[in-house]
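Just so you know, we're using our numbering here: the sequence shown kicks off at 172 and counts up by one.
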Amino acid sequence: MARGLFLALLSLLLFTVSCTQSSLVLRPDDASHPEEASQITDTPTEDTSDPSKAAPSKTTNEEEENVLASSPAQEGSSANGESPAAVDSEEEPYTDQKLVDDALYYYQEALEYWNSGEPDRAILSLDQSYQIILSIQDEDDPEITQQKEDLRLLISKRILEIYASRTHLQMDHSREMPLAMNQYVTREIKRFQTTERSFFIKSYRLSGRYRPYIVEQMRKAGTPEDLSWLPLIESGFKTKALSKARALGLWQFIASTGYRYDLRRDRWVDERMDPERSTQAAIAYLKVLHGLFGDWTTALAAYNCGEGNVLRAIRQQRVNYLDDFWHLYPRLPLETARYVPRFLAALHIIKDPEKYGFDDLELDQPLITEQVQVNRQMRLQDIARVLDVPAKTLEELNPSLRYKATPNYPFTLNLPADTSTTFLAKLEEVPQWTPPKRAYVVHRVRFGETLSGIALKYRVSVRRIVHANHLRSASRIRAGQRLKIPLRGHIVMAKSTPSPRTGSTAHYQVKRGDSLWLIAQRFNTTVTEIKTLNDMHSDLLHTGQIILVQAGSR
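Laid out in C-alpha cells, this is it:
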C-alpha cells in the first residue's frame with residue numbers, strides 16, 4: 172500500500188511539472204519516446220500522462236509539428252538512469268534550451284488565440300516568442316541554432332498569415348480613415364489654429380474647386396473619401412504648387428513617379444498640374460501603397476517619402492515584421508513623421524470646425540467646364556479674346572499648359588461652361604501661334620573655367636546660364652560639360668528680300684554686348700559670311716544697328 176501511495180504522489184508531481192514546462196508537449200500519435208510512456212502509465216491509481224492533455228487544441232501543419240516534437244526537453248528520464256522527479260527537483264540554470272522551450276510555449280499560445288478568433292492576442296504571443304528567440308546568443312550549438320531558425324520561420328509565416336487576413340478585411344471594407352488622436356496630432360491641430368490658420372482657411376476655400384471631382388473618383392475606386400483632403404496638406408489645393416524636391420501639382424508628384432502613372436511631361440504640357448489626370452494617378456498610387464502596407468496611415472507615409480524609405484524603416488525594426496504607422500513613427504524622416512499627424516489634424520478640424528475655432532470656413536464654387544479637341548497651337552489669350560472671357564479663366568481651367576498655349580499635337584482643351592459651341596464656330600478667327608525660337612550658343616567647358624568667367628565672356632548673367640541648364644549650383648561645373656548659353660538681343664524675322672545668296676534671311680538688331688562672333692554662333696554661320704552679306708570692312712558694330720544674316724549656311 173505504501174508503494175502504491177508513493178507512485179500516486181510521483182505521478183501527481185510529474186503532472187505538475189508537465190503543466191509548468193512547455194517542453195513536455197507531445198502529439199497524440201508521438202511514438203518517438205516509448206520509454207517515457209511506459210514509466211508514467213505503470214501507475215495503477217491515476218493516469219496523468221495522457222499526452223492529449225498537454226497537446227495543442229488544434230494541430231498545425233507538418234512542419235510545425237516537427238518543430239514542436241523535436242525539443243529535447245520532452246525526454247522524461249536522464250541518461251544515468253535517474254528518475255525524472257529526481258532530476259527536476261534540482262534547480263538548473265536557465266539554459267538556451269529552456270529559452271527555446273519558452274518560445275515554443277508562447278508560439279502554441281498564439282496558435283490557440285488564432286484558432287479561437289483572437290488575432291490581436293495571437294500577435295502579442297508571437298511577439299513574445301520572437302523576443303525570446305532574439306535573446307538567445309549562443310550560436311555554437313548547432314541543435315539550438317536549428318531550433319531557433321525553425322521557430323523563427325514558423326513565427327514569420329504565422330505573422331504573415333494573420334496580417335494578410337487583416338489586410339484583406341481592410342481592402343474590402345475600409346471606407347474611412349482611422350482618426351487617431353495623440354500628442355502628435357494635437358500639436359498639428361494647434362499649428363493650424365495659430366501660425367498656419369490663414370493657410371488652412373485659404374486651402375479649404377480652394378478645395379471647393381477640385382474636391383467634388385476627387386470625391387467622385389475615389390468613390391468609384393473604393394478608397395476612403397477622407398483621402399480627398401490630402402491635397403490640402405500636399406499643395407494647399409494649388410495646381411501649380413512646386414516643392415523644393417521638384418514635386419509639382421495638387422498631388423505633388425515628382426517627375427519619376429508621374430511617369431510611372433502615365434502623366435505626360437514634355438515641352439508644352441505637364442499633366443502633374445492637371446487636376447483630373449493627377450487625381451487618377453494619385454488614386455492608383457495610393458491603392459498600390461495600401462496593398463503593400465495594409466493600412467492607410469503607413470500608405471500615406473510612403474506616399475510622402477516613397478515606399479523604399481518606409482520599407483527600410485520596417486527592416487530596421489527589432490521585430491522584423493510589418494507593424495502599424497505609430498510604431499514606425501520614430502524611425503521616419505521628420506517631414507514624413509509630421510505628414511500623417513498633420514493630415515489627421517486637418518481631418519479632425521474639417522469634421523468639426525466649430526470645435527476647433529474655425530467657424531468662418533467657405534468653399535469656392537466647383538469648376539464647371541466643357542471640353543473640345545484642338546490640334547493646332549493657339550495662345551490662351553487669343554482664345555479668350557474670341558470667347559470674350561478673361562484669359563486668367565482659361566489659364567485656371569488649363570493649368571497643365573506650361574506656356575499658356577496649346578501644344579503642337581492633339582490636346583483636350585477645357586473651356587468655360589456654354590462656350591464650346593461659340594469656340595468651334597469662331598475657331599478660324601483664332602490665329603495660329605508660332606513659338607519663338609530661343610537663341611543659344613553651346614559652350615564646352617574647359618579645364619579651369621568657372622561659370623562667372625563663362626558668363627563674362629558671353630556678356631550674360633550667371634543666373635541666366637544656371638536657369639537655362641537647370642543647374643543646382645553655380646559652382647558645380649566640370650571640364651567637358653556642354654552648357655547652353657542664352658544670348659542677348661532678339662531676332663526680327665523678315666520676308667525674303669532680293670539677295671545675291673539663296674536661303675531664308677533675317678534682320679538682326681544689334682544689342683549692347685553683341686559681337687560678330689556671337690551673332691555668327693547664334694545663326695550657325697561665320698563672321699566672314701555676315702561681313703560679306705552686309706558689305707562690312709571691319710568687325711565694329713554699334714547698338715541698334717540692323718544687319719542681314721543668312722542662317723544655316725555653315
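Heads up, the beta-carbon is just placed ideally off N, CA and C, and yes, glycines get one too.
Every value quoted in this text rests on a predicted model; they were computed, and no experiment measured them.
- Taking C-beta atoms as the reference points, residue 403 and residue 389 fail to come closer than 8 Å.
- Listed in chain order, the non-local C-beta contacts of residue 600 below 8 Å within the same chain comprise 557, local neighbours out to five positions each way being set aside.
- Under the three-state reduction of DSSP output, residue 362 falls in the helix class.
- DSSP places residue 544 outside any alpha helix (DSSP H); the residue lies instead in the beta strand (DSSP E), whose first and last residues are 540-545.
- Around the beta carbon of residue 352, a 10 Å sphere encloses fewer than 16 other beta carbons of the protein chains shown; the residue is thus reported as exposed.
- Collapsing the DSSP output to three states places residue 412 in coil.
- In this structure, DSSP gives residue 515 a helical state, which the three-state scheme calls helix.
- Secondary structure of residue 584 (DSSP, three-state): strand.
- Taking a C-beta distance under 8 Å as the contact criterion, residue 510 and residue 452 do not qualify as a contact pair.
- Residue pairing from DSSP places residue 718 in a beta bridge opposite 679.
- Using a 10 angstroms sphere on the CB of residue 715, the tally of other CB atoms stays under 16, which defines it as exposed.
- The closest CA to that of residue 368, considering only 320, 573, 423, 527, is found on 527.
- Of all alpha-carbon atoms in 644, 652, 603, 636, the one lying nearest the alpha-carbon of residue 619 is that of 652.
- In the DSSP assignment, residue 383 falls within the alpha helix (DSSP H) that extends over 368-392.
- Residue pairing for residue 613: DSSP places it in a beta bridge opposite 655.
- Non-local C-beta neighbours of residue 450 in its own chain, meaning closer than 6 Å and more than five positions away in sequence, comprise 385, 388, ordered along the chain.
- For residue 288 and residue 515, the gap between their C-alpha atoms comes out near 31 Å.
- Distances from the CA of residue 273 to each of 303, 284, 295, 293 were compared; the closest alpha carbon is that of 303.
- Boundaries of the alpha helix (DSSP H) around residue 562: 562-568.
- Relative to the Cα of residue 587, the nearest Cα in the group 569, 415, 577, 578 belongs to 569.
- Annotated as proximal: residue 496 and residue 468, with beta-carbon spacing under 8 Å.
- Under the DSSP definition of a beta bridge, residue 576 partners with 550.
- When the alpha-carbon of residue 679 is set against those of 721, 593, 708, 700, the nearest one is in 721.
- Across the structure, residue 321 and residue 308 are spaced so that their CA atoms are roughly 16 Å apart.
- Taking every protein chain shown into account, the CB of residue 465 has 16 or more other CB atoms within 10 angstroms, so this residue is buried.
- Secondary structure note for residue 704: its alpha helix (DSSP H) is the uninterrupted segment 698-704.
- Comparing alpha-carbon positions, the option among 372, 284, 330 lying closest to residue 530 turns out to be 372.
- Cβ-Cβ separation between residue 648 and residue 616: approximately 5 Å, consistent with a contact (criterion under 8 Å).
- A Cβ-Cβ separation of about 12 Å leaves residue 581 out of contact with residue 439 under the 8 Å criterion.
- If you draw a straight line from the Cα of residue 381 to the Cα of residue 598, it is about 28 Å long.
- By the CB criterion at 8 Å, residue 356 and residue 512 fall inside the cutoff.
- In the structure shown, residue 634 adopts helical secondary structure according to DSSP, grouped into three states.
- By the neighbour-count criterion, in which a residue is buried when 16 or more other Cβ atoms sit within 10 angstroms of its Cβ, residue 638 is exposed.
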